[in-house]
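Asks: Encoded as structure tokens, here's the structure I'll be asking about.
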């Protein structure tokens, strides 16, 4: 015990003993009064001697010390124990991460976050781990990390990248909007802005970002080339010619030369300038640093440009692919099938060395070629005796396709059931199988796969776009609603998921009261998020509170609807109802080309456009 602590307790004892001393004096004074019987006075003195107020004072001090110690343990001891437990769990999680036992590490880190929700190291490791296992919660954990250390740009960019990888564009935009102003002087921030604009196909925003990068680092070669590509594709003939000249002067070995050549070829083909496309395709083919993928791209450009010697390059590509890995073979065979050369693809694939020919990837593309040729018997001869191991669900799906085309209903149902069961046991199996049958136009089977995936793992990120597109083309928006409802049921604390569920429920007229409550609560927790704003705005609009809804989308706030079609759609719908027709019409311009709309969204858009046209005529 330190000297200061001893002095403190000594002073505390004196203060607490003062009332007892005063009582002692009072009792002595009263017992010395005249008129008190002798027997009573003697009894009191014996009782006082027995109890001894000094003894009571000691007991009181001991009791007080015990109370102080208990309170200290409650407030300080418990905190010390928590710190010790967090350190121990953190050490254990590091060991599990090093042992690549991701599940155990995830559970240990989750325990830490229950004890210390704002623990920087635990949140950071949880975010990294969630990214590694491709968890849909990864952007959420990166958001926590960015909020704990907002001055670290790397954390903001990691949150952006995580959202972008999961194709959650609104979350990626929110991550960049959250970056503090002083950090926006870094070129990394503007590279992220350029990436977001490129994903949204917004050339104007991409150009702005690239110009800011060149202001920060004038010698950045990549930014220079990418800006020239934008100018080359722009509508200004003078700027386009200058950019084409600079791009044509890029020296071999320049890190962006191959990218530039590919973009130039694609640009000329889209504009119908096939002669120029062929010239640049030959240059890409002959580039010394060109990879096999680059030569295939050049060959494809020659084909689309109608080059007369297009097929003369095929033999060289086939020879290189036949000596390479399966991926190169598949790429070339796929292009042959697309160009109507499925028969040539089958002949070439069957002549490959056995070790390459028997790989599942090559077998898959061979089956695709036979399907294109409608050679069902040959397809079954190729597939029945084989086992593609973890890709066997693809083989079973091809057999189901053959049985269906031949009108064998019983065989089709058996093979399809085996294919779905096998795909459910493999990571990403349901996703790949859904992509395959969607390409075949099997609408019912695609919906069944989505239902199965939602029941098994509703958090899988691929379901977002798949359910949305399926609902768009099949009109089955209820499936998308079930997806978000299942996600909300799994984690009711995720307000973004709650808002997405509420928004879709409001559009479909399902569970209105619950959807309004969720929308309002999510917006109160995350008022800046475009999803929560959209959900709460639709809720207010349906309650005839158009002015309050329009306040969520202020036209003078600097928000650029071109950055987010989602923001532009909902803002335009709500502003039109509030009477701001000019802004609404501008925000909704070409919205169908920029955003995949559900049937309910499309109906709401048509109703709004009709309202704008009617009021404009009046």
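Numbering (our numbering), first residue to last: 3 to 620. A virtual CB, placed ideally from N, CA and C, is assigned to each residue, including glycine. It should be emphasised that the depicted structure is a prediction, and the values quoted were computed from it without experimental measurement.
CB-CB under 8 Å to residue 606, same chain, minus the five flanking residues each way: which ones, in chain order?
Replies: Numbered from its first residue, the chain shown carries residue 606 at position 604. Excluding positions up to five away in sequence, the list reads 509, 575.
Asks: Please classify residue 446 as buried or exposed, where buried requires at least 16 neighbouring CB atoms within 10 angstroms.
Replies: By 1-based counting over the chain shown, the position of residue 446 is 444. Burial call: exposed.
Asks: Got a sec? Which residues, its chain only, sit under 6 Å from residue 146 by beta carbon, not counting five neighbours each side?
Replies: Sequence index remark: in the chain shown, residue 146 carries index 144 (1-based). Taken in chain order, the residues that qualify are 125.
Asks: Have a look at residue 340 and residue 116 and give me their C-alpha separation to the nearest angstrom.
Replies: Position 338 of the chain shown, counted from the start, is the residue given in the question as residue 340. Position 114 of the chain shown, counted from the start, is the residue given in the question as residue 116. Their backbone Cα atoms lie some 53 Å apart in a straight line.
Asks: Within a Cβ cutoff of 7 Å, which residues of the same chain sit near residue 614, ignoring the five residues on either side of it in sequence?
Replies: Looking up residue 614 in the chain shown gives position 612. The answer, listed in chain order, is 578, 583, 586, 587.
Asks: Is any beta-carbon of chain C found at less than 9 Å from that of residue 433?
Replies: Absence of chain C from the displayed structure is noted, only one protein chain being present.
Asks: Looking at the structure shown, is residue 416 part of a helix, part of a strand, or coil, going by DSSP?
Replies: Locating residue 416 in the chain shown gives position 414, counting from the first residue. Residue state, collapsed to three classes: helix.
Asks: Closest to residue 486 by CA distance: which of 471, 505, 472 is it?
Replies: Here residue 486 is taken as the residue at index 484 of the chain shown, counted from 1. Nearest of 471, 505, 472 to residue 486, Cα basis: 505.
Asks: DSSP three-state call for residue 236: helix, strand or coil?
Replies: Counting from one through the chain shown, the residue named residue 236 turns up at place 234. DSSP places residue 236 in coil when its eight states are reduced to three.
Asks: Going by DSSP in three states, residue 405 sits in which element: helix, strand or coil?
Replies: As a position in the chain shown, residue 405 is number 403, starting the count at 1. DSSP places residue 405 in helix when its eight states are reduced to three.
Asks: Excluding sequence positions up to five away, which residues of its chain have a Cβ less than 6 Å from the Cβ of residue 561?
Replies: As a working mapping, residue 561 is identified with position 559 in the chain shown. Reliability of the predicted coordinates at residue 561 is poor, the pLDDT of 48 falling under 50, and no value is obtained from them.
Asks: From 459, 521, 465, pick the residue whose C-alpha is nearest to that of residue 492; which is it?
Replies: Taking the first residue of the chain shown as 1, we reach residue 492 at position 490. Of the candidates 459, 521, 465, the one whose C-alpha sits nearest the C-alpha of residue 492 is 459.
Asks: Going by DSSP in three states, residue 549 sits in which element: helix, strand or coil?
Replies: Here residue 549 corresponds to residue number 547 of the chain shown, with the count starting at 1. Correct three-state label for residue 549: helix.
Asks: Would you give the residue range spanned by the alpha helix (DSSP H) that residue 478 belongs to?
Replies: The residue you call residue 478 lines up with position 476 of the chain shown. It is not in any alpha helix (DSSP H) - residue 478 carries neither H nor E in the DSSP assignment.
Asks: Using only the alpha-carbon positions, how far apart do residue 1 and residue 244 sit?
Replies: Because the chain here runs from 3 to 620, residue 1 falls outside it and cannot be looked at.
Asks: When the Cα of residue 203 is compared with those of 367, 608, 592, which residue comes out closest?
Replies: If you number the chain shown from 1, residue 203 lands on position 201. Of the candidates 367, 608, 592, the one whose C-alpha sits nearest the C-alpha of residue 203 is 592.
Asks: For a test of the three-state rule: what should DSSP assign to residue 303, helix, strand or coil?
Replies: Reading the chain shown from its first residue, position 301 is the one you call residue 303. If DSSP states are grouped into helix, strand and coil, residue 303 belongs with the helices.
Asks: Since residue 279 is in the alpha helix (DSSP H), which residue starts that stretch and which ends it?
Replies: Position 277 of the chain shown, counting from 1, holds the residue named residue 279. 276-288 is the extent of the alpha helix (DSSP H) around residue 279.
Asks: In chain order, which continuous runs of the alpha helix (DSSP H) of length 4 or greater are located wholly inside the region 82-142?
Replies: Listed in chain order, the complete alpha helix (DSSP H) runs (minimum 4 residues) inside the region 82-142 are 104-117, 122-134.
Asks: As a quick exercise: from 423, 484, 333, pick the residue whose alpha carbon is nearest that of residue 364.
Replies: Counted from its first residue, the chain shown places residue 364 at position 362. If we check each option's Cα against that of residue 364, 333 comes out closest.
Asks: Check residue 223 in the structure and name its three-state DSSP category.
Replies: Taking the first residue of the chain shown as position 1, residue 223 is located at position 221. Looking at residue 223 - three-state DSSP - the assignment turns out to be helix.
Asks: Can you give me the start and stop residues for the alpha helix (DSSP H) that residue 388 sits inside?
Replies: Taking the chain shown and counting its residues from 1, one reaches residue 388 at position 386. Neither: residue 388 is in no alpha helix (DSSP H) and is coded neither H nor E.
Asks: Rounding to the nearest angstrom, what Cα-Cα distance links residue 548 and residue 539 in this structure?
Replies: Translated into positions along the chain shown, residue 548 becomes position 546. Translated into positions along the chain shown, residue 539 becomes position 537. Each residue's alpha carbon lies about 8 Å from the other.
Asks: Of the residues 183, 206, 175, 205, which one's Cα is nearest the Cα of residue 194?
Replies: In the chain shown, the residue the question calls residue 194 occupies position 192. Among 183, 206, 175, 205, the Cα nearest to that of residue 194 belongs to 175.
Asks: Can you give me the start and stop residues for the alpha helix (DSSP H) that residue 444 sits inside?
Replies: Here residue 444 corresponds to residue number 442 of the chain shown, with the count starting at 1. Segment: none, residue 444 is in no alpha helix (DSSP H) and carries neither H nor E.
Asks: Are there 16 or more other CB atoms within 10 angstroms of the CB of residue 297, so buried, or fewer, so exposed?
Replies: Residue mapping note: residue 297 aligns to position 295 of the chain shown, counting from 1. The residue is buried, with at least 16 neighbouring Cβ atoms inside 10 Å.
Asks: Helix, strand or coil for residue 154? Go by DSSP, reduced to three states.
Replies: For the purposes of this step, residue 154 is taken as residue 152 along the chain shown, with counting starting at 1. Three-state DSSP puts residue 154 in coil, outside helix and strand.
Asks: Under three-state DSSP, which class holds residue 36?
Replies: Here residue 36 refers to the residue found at position 34 when the chain shown is read from its first residue. Low per-residue confidence applies at residue 36: pLDDT is 49, beneath 50, and the placement is therefore not dependable enough to give any value.
Asks: Report yes or no: do the region 421-432 and the region 89-103 share at least 3 C-beta pairs separated by less than 8 Å?
Replies: The answer is no - the region 89-103 does not touch the region 421-432, with fewer than three Cβ pairs under 8 Å.
Asks: On the three-state DSSP scale, how would you describe residue 251?
Replies: In the chain shown, counting from the first residue as 1, residue 251 sits at position 249. Coil.
Asks: Would you check if there are 3 or more beta carbon pairs closer than 8 Å linking the region 458-477 to the region 174-191?
Replies: Flag = no, the region 458-477 and the region 174-191 do not touch.
Asks: Considering just the uninterrupted stretch of the alpha helix (DSSP H) at residue 213, what are its terminal residues?
Replies: By 1-based counting over the chain shown, the position of residue 213 is 211. First-last of the alpha helix (DSSP H) with residue 213: 205-218.
Asks: Report the three-state DSSP secondary structure of residue 557 (helix, strand or coil).
Replies: Along the chain shown, read from residue 1 onward, the residue named residue 557 stands at position 555. The answer is coil: DSSP assigns residue 557 none of H, G, I, E or B.
Asks: If residue 199 sits next to residue 207, beta carbons under 8 Å apart, how far is it from one beta carbon to the other, in whole angstroms?
Replies: Locating residue 199 in the chain shown gives position 197, where the first residue counts as 1. Locating residue 207 in the chain shown gives position 205, where the first residue counts as 1. Confirmed, about 4 Å.
Asks: Which term fits residue 109, buried or exposed, when burial requires 16 or more other beta carbons within 10 angstroms of its beta carbon?
Replies: To locate residue 109, count along the chain shown from 1; it is residue 107. Label assigned to residue 109: exposed.
Asks: Have a look at 105, 317, 102, 112 and flag the residue whose alpha-carbon is nearest the alpha-carbon of residue 92.
Replies: Within the chain shown, numbered from 1, the residue matching residue 92 stands at position 90. Of the candidates 105, 317, 102, 112, the one whose C-alpha sits nearest the C-alpha of residue 92 is 112.
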